[in-house]
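Under numbering that gives the first Met the number 0, the sequence shown is numbered contiguously, ending at residue 81. Okay, so here's the structure we're looking at.
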Amino acid sequence: MGFGGIGPTGIILLVIVALLLFGPNKLPELGRAVGRTFREFKEGARDIISDDNSKRKEQEKAKPLASESTPADKPADKRLPE
0 MGFGGIGPTG
10 IILLVIVALL
20 LFGPNKLPEL
30 GRAVGRTFRE
40 FKEGARDIIS
50 DDNSKRKEQE
60 KAKPLASEST
70 PADKPADKRL
80 PE
């Protein structure tokens, strides 16, 4: 089962404790707040990952390829014309 080893009896016990602590009227509100928090966290994580990927792509474009070399990299041809 999911939840890292919590079985069905553990889940039932958690629900009972939550009902005793928060009451039946507050549980839906608490569930919505937890859902919003998870959603915002996932969106933030996606933004960070996409920013990292776009920066990495920009860096790869900025690097010159080995086949591309600038004239300053090539030695000047010092032969005399024939």
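We put the CB at the ideal spot given by N, CA and C, even for glycine.
Sequence ranges, alpha helix (DSSP H) only - wholly within the stretch 4-68, length at least 4: 7-61
Sequence-distant residues of its chain with Cβ nearer than 8 Å to Met0 (five each side left out): Reliability fails at Met0, whose pLDDT of 46 lies under 50, so the model's placement of it is uncertain and the value that follows must be treated cautiously. Result list for Met0: Gly6, Pro7, in chain order.
Can you tell me the Cα-Cα spacing of Pro23 and Arg38, whole angstroms? 24 Å
Given a cut-off of 8 Å, decide if Phe21 and Leu13 are closer than it, judged by their beta-carbon atoms. no
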